[in-house]
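Report on the following structure.
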Amino acid sequence: MQKKYIILSYLIVLITLFSDARAQMTLENPILPGFYPDPAICKVGTDYYMVTSTFVYFPGIPVFHSKDLKSWKQITSAIDRPSQMDFMGQQVSRGLFAPAINYYKGIFYITCTNIDKGGNFIITAKNPAGPWSDPIYLKEVRGIDPSLYFEDDKVFIIYNSDPPEYKSLYSGHRTVKIYELDLATLKPLGTERILVNGGVDISKKPVWIEAPHIYKRNGYYYLMAAEGGTSVNHSEVIFRSKDVRGPFIPYEKNPILTQRHLDPKRKNPISSVGHADLVEGPDGNTYAVFLGVRPYEGDFYNTGRETFIAPVKWIADWPIINPDHEEVQYEYKVNWKEDKQNNQLPVTGNFNFRVPFKDTLNTEFLFLRTHNPSWYNFKENKNALTIKLLPQTILEKGNPAFIGRRQQHLSSSASTEMNFSTKLANEKAGIVIFQNENHFYFMCKSHDNGKDVIQLFKGNPTTDKMDLLKQVALPSFQKTAYFKVNSERDVYSFWYALKENEWKPLADKIDGKYLSTAVAKGFVGVLYGMYATADGQITDNKAIYKWFDYSGNDSTFKK
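Just so you know, we're using our numbering here: the sequence shown kicks off at 1220 and counts up by one.
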């Protein structure tokens, strides 16, 4: 009998160990690679919803869903109608700054800042997949990075704002303020109150206290915010209080997350981390999502600010992000099962795919500043995307005939097949690698001195025009052209073909640092895109795109 009991106990232990092993999963960073900055997250039941910044790209504010914090699927964009807002006339790094997402009693809330047109606003939805409401602007709430805190049918908005009495003691002096809102109308009540002045220690002149969130745990209200600016000095800091209106006392061991003290020459660095939000994981423990970057050298990166995740430990009633490591890790083991999304296209890791153009665009594709369906369609040519050449150019702040998707890997490639012909030098269509209005490379088919040509242009911020880098002649009456752009960290190469897969080099070893945030400035990352223009002229000419390929192959994702 005792022998049977021992055997049974042994089997129970084996089954338990086997179940735990099967339940273990790896979170891979970044969980949203490429230009997905300023993440904010909320949990509803067993579902997670996350949003990120989009600036002037349209549709704006992607809403992602996950069951396991690893597999994410974009279910909508919260700003998907020009009637909600557009960003015409705004430079690429303006527009929508830092959304936050909350859920309370059956309603989802997104707060955000339309930096040049209206300021802080709130939109709502009963279903996170939309539709989302038109914005409610809060003119009294002056600043950026708003988020909400709900408690006992009260709602508070917390945000980065002006220094006391609008008098800066130093450059980058900001505050975190709070307003109570009317839950029914979302209009401000009473007066605003300063929760944090300057940052953790104003005597040290801390800069850019921003992206605040409030959480409640064990009788404390925790105010978490970013500090140091969204570059290499970025960090996350924490304060707490017994009252939601303060006073808030900083943690004596702040910051709770940063990489600014580490050697920038370390292997495969993740830097500039901050702008975090906390959430309870499927295991009941706390996790943080935050932005970071993957530079290929120093502070040079082209993929923009991306979304990362790390575990959180509560030590002496204070949350510490990434507590068991000095460096943010590319992988974290967790003890729950993976719940894969049925994604139309892959989101994370290394992947390659082809998007054949049939009847609609995938959620990954973006326009500049608004959506105008009058200049593209899928009906005119079967199994193809037809794009009309517009007078607008990508050097301007309008809505050019541009449709792009993020560069998500340091080692990447994008290609497309296009049918297009012209006898005018101003008419051009092809593929663009776009960072902002002046920092881009454009490979196109056009016409010059009586010949059809393939051209490569580079944006020029000094002249606000683009410079011709390379040109090759094509056979007459050659309508079909294939374009491919490869990136390898800070080097780009440009290829063309007249028959599929018969690639010829147009230009090699082209400077990729020109497309980096360090050189181009701003807050966005690079996009590969299809682009057609008549350069200020009106035309009926059109370019026909058959498909769009993308592949990424970064070493950090390889097992």
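Where is the CB? At the ideal position from N, CA and C, for every residue including glycine.
What you are looking at is a predicted structure, and each value in this text was computed from that prediction instead of being measured.
Open item on the list: Measuring straight from C-alpha to C-alpha, what distance separates isoleucine 1650 and serine 1631?
Closed with: 15 Å
Task: Euclidean distance between Cα positions of phenylalanine 1375 and tyrosine 1434 - done: 12 Å
- [ ] Please work out which residues of its chain come closer than 7 Å, Cβ to Cβ, to leucine 1643, disregarding the five sequence neighbours upstream and downstream, and give them in chain order.
- [x] His1666
Open item on the list: What would DSSP say about alanine 1692, mapped onto helix, strand or coil?
Closed with: strand
- [ ] Could you check what DSSP says for leucine 1867 in three-state terms: helix, strand or coil?
- [x] Outside the modelled stretch of the chain, which goes from 1220 to 1778, sits residue 1867, for which no answer is possible.
Open item on the list: For a test of the three-state rule: what should DSSP assign to serine 1422, helix, strand or coil?
Closed with: helix
Open item on the list: Buried or exposed for isoleucine 1613, going by 16 or more other Cβ atoms inside 10 Å?
Closed with: buried
Open item on the list: For a test of the three-state rule: what should DSSP assign to valine 1738, helix, strand or coil?
Closed with: Valine 1738 falls in the helix class under three-state DSSP.
Open item on the list: Let me confirm a value: histidine 1544 is counted as buried when at least 16 other C-beta atoms fall within 10 Å, else exposed. Which label applies?
Closed with: exposed
- [ ] Can you have a look at proline 1694 and say buried or exposed, based on whether 16 or more other CB atoms are within 10 angstroms of its CB?
- [x] exposed
Task: Candidates Lys1324, Cys1331, Met1244, of which the one nearest proline 1281 by Cα - done: Cys1331
Open item on the list: Taking a contact to mean a Cβ-Cβ separation below 8 Å, would you say glutamine 1560 touches lysine 1292 in this structure?
Closed with: yes
Task: Sequence-distant residues of the same chain with beta carbon closer than 7 Å to tryptophan 1555, five excluded per side - done: Ala1242, Met1244, Asp1287, Pro1501, Asp1502
TODO: Leaving aside the five residues before and after phenylalanine 1369 along the sequence, list all residues of the same chain whose C-beta is less than 6 Å from its C-beta, in chain order.
DONE: Tyr1323
Open item on the list: Which residue marks the beginning of the beta strand (DSSP E) containing proline 1365, and which one marks its end?
Closed with: 1363 to 1370
- [ ] Kindly list the residues whose CB is nearer than 7 Å to the CB of proline 1552, restricted to its own chain and excluding five residues on each side of it in sequence; keep chain order.
- [x] Correcting the residue identity first, residue 1552 is lysine in this sequence and not proline. Closer than 7 Å at Cβ, skipping near neighbours: Gln1243, Thr1245.
Open item on the list: Within a Cβ cutoff of 6 Å, which residues of the same chain sit near glutamate 1411, ignoring the five residues on either side of it in sequence?
Closed with: Lys1396, Tyr1398
Open item on the list: I'd like the list of long-range same chain contacts for phenylalanine 1661, defined as Cβ closer than 6 Å, with 5 residues on each side in sequence excluded.
Closed with: If we look at phenylalanine 1661 and ignore the five residues flanking it on each side, its Cβ neighbours are Val1651, Phe1676.
- [ ] Figure out for me which residue from Tyr1549, Tyr1441, His1432 has the closest Cα to the Cα of lysine 1486.
- [x] Tyr1549
- [ ] Just the C-alpha distance for proline 1474 and glutamate 1446, rounded to the nearest angstrom, thanks.
- [x] 9 Å
Open item on the list: Could you give the first and the last residue of the continuous beta strand (DSSP E) run that contains tryptophan 1537?
Closed with: Segment 1537 to 1540, the beta strand (DSSP E) holding tryptophan 1537.
Open item on the list: Check whether the stretch 1729 to 1742 and the stretch 1584 to 1599 touch, using three or more Cβ-Cβ pairs below 8 Å as the test.
Closed with: no
TODO: Figure out for me which residue from Ala1751, Asn1602, Pro1565 has the closest Cα to the Cα of serine 1640.
DONE: Ala1751
Task: beta strand (DSSP E) segments (min. 3 residues) lying fully within the stretch 1253 to 1311 - done: 1259 to 1263, 1266 to 1270, 1279 to 1285, 1292 to 1298
Task: Rounded separation between proline 1383 and isoleucine 1320 - CA only - done: 28 Å
Task: Cα-Cα separation between leucine 1564 and glycine 1253, rounded to whole angstroms - done: For leucine 1564 and glycine 1253, the distance between alpha carbons rounds to 15 Å.
Task: The beta strand (DSSP E) enclosing isoleucine 1457, as first and last residue numbers - done: 1454 to 1460
Task: leucine 1510, buried or exposed, once every other Cβ within 10 Å from all chains shown has been counted against 16 - done: So leucine 1510 ends up on the buried side.
TODO: Drop a sphere of 10 angstroms on the beta-carbon of glutamate 1656, count the other beta-carbons inside from all chains shown, and report buried for 16 or more, exposed for fewer.
DONE: buried
Task: Local Cβ density within 10 Å of glutamate 1719, reported as buried at 16 or more and exposed below that - done: exposed
- [ ] Go to tryptophan 1594, then tell me how far its beta strand (DSSP E) extends in each direction, as first and last residue.
- [x] No beta strand (DSSP E) contains tryptophan 1594, which DSSP labels as neither H nor E.
Open item on the list: Can you check which of these residues, Lys1358, Asn1346, Ser1366, Phe1696, is closest to phenylalanine 1316 by C-alpha distance?
Closed with: Ser1366
TODO: Report yes if the C-beta distance between methionine 1304 and isoleucine 1298 is below 8 Å; otherwise report no.
DONE: yes
Task: Cβ shell of cysteine 1261 (< 6 Å), same chain only, five flanking positions each side left out - done: Tyr1268, Ile1320, Asn1321, Tyr1322
Task: Simplified DSSP state of arginine 1241, which is helix, strand or coil - done: Because the pLDDT of arginine 1241 is 48, which lies under 50, any placement of that residue in the model is unreliable, and the number read from its coordinates should be weighed accordingly. DSSP places arginine 1241 in helix when its eight states are reduced to three.
TODO: Tell whether a beta-carbon distance below 8 Å holds between tyrosine 1715 and alanine 1700.
DONE: Judged by their CB atoms, tyrosine 1715 and alanine 1700 are nearer to each other than the 8 Å cut-off.
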